[in-house]
Structures are given as C-alpha cells and as structure tokens.
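Numbering (full-length UniProt numbering), first residue to last: 1 to 105.
Glycine included, C-beta positions come from ideal geometry on N, C-alpha and C.
Notes follow once the structure below has been shown.
Structure below.
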C-alpha cells in the first residue's frame, strides 16, 4: 500500500505532535517552504529538512558524490545568506560564495 500524507505546519514548525508522528511513520518527507516559494524558488523544497530513508542507498556512486557535495553547498549558502542579512561588511570570499548561489535573471 502506498500513501502520500500531506501535513501543513504552523509557521514551518516540524516539531509539532502530528507532524513528528507523520514523519516517523513515513519513509521520508519533502518539506515545501513558503519562504522559498515567495522568494521565487520553484520547486520550493527545503533540502535541509527533506529526507528519504532510502536516500543514497538507491543512488549510483557518482550520484552520491555529486548529491552530497551539492547538499553541503546549499546548506552553506543558506547559512551565509542568513548571516549576510545582518552583516554590512562582507569579505570578498563570502561575497563570491553568495553570488554563486544567487540565480541570474
């Protein structure tokens, strides 16, 4: 039997009772973010929270290597982007990393 449960969180809080129970009984989850959607990122998947229990076990070695590096870079970009909102003077390396993660129009 296959099921695709959909749970709406309050303000993105995945620690609520129903949410954590649904997560615990499924084989993974895709977490869609309203903030990403509103920022124009489609699909608005938060890769930091989205997981699969099968995960890399179903991927070939080359895909595992690319995916793990990409996931790390996305996490670092999100962290730098959040930090940059509060910093007025960013060094050149940080500016370059941020520019790499922002899509060109």
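Item: Coil, strand or helix - residue 6 by DSSP; Value: coil
Item: Simplified DSSP assignment, three categories, for residue 30; Value: coil
Item: With 16 other Cβ atoms within 10 Å as the buried cut-off, status of residue 37; Value: exposed
Item: Backbone secondary structure at residue 68 - three-state DSSP; Value: helix
Item: N- and C-terminal bounds of the alpha helix (DSSP H) containing residue 55; Value: That residue, residue 55, is in no alpha helix (DSSP H); it is neither H nor E in DSSP.
Item: Stretch pair the stretch 34 to 50 + the stretch 65 to 84: three plus CB contacts closer than 8 Å; Value: yes
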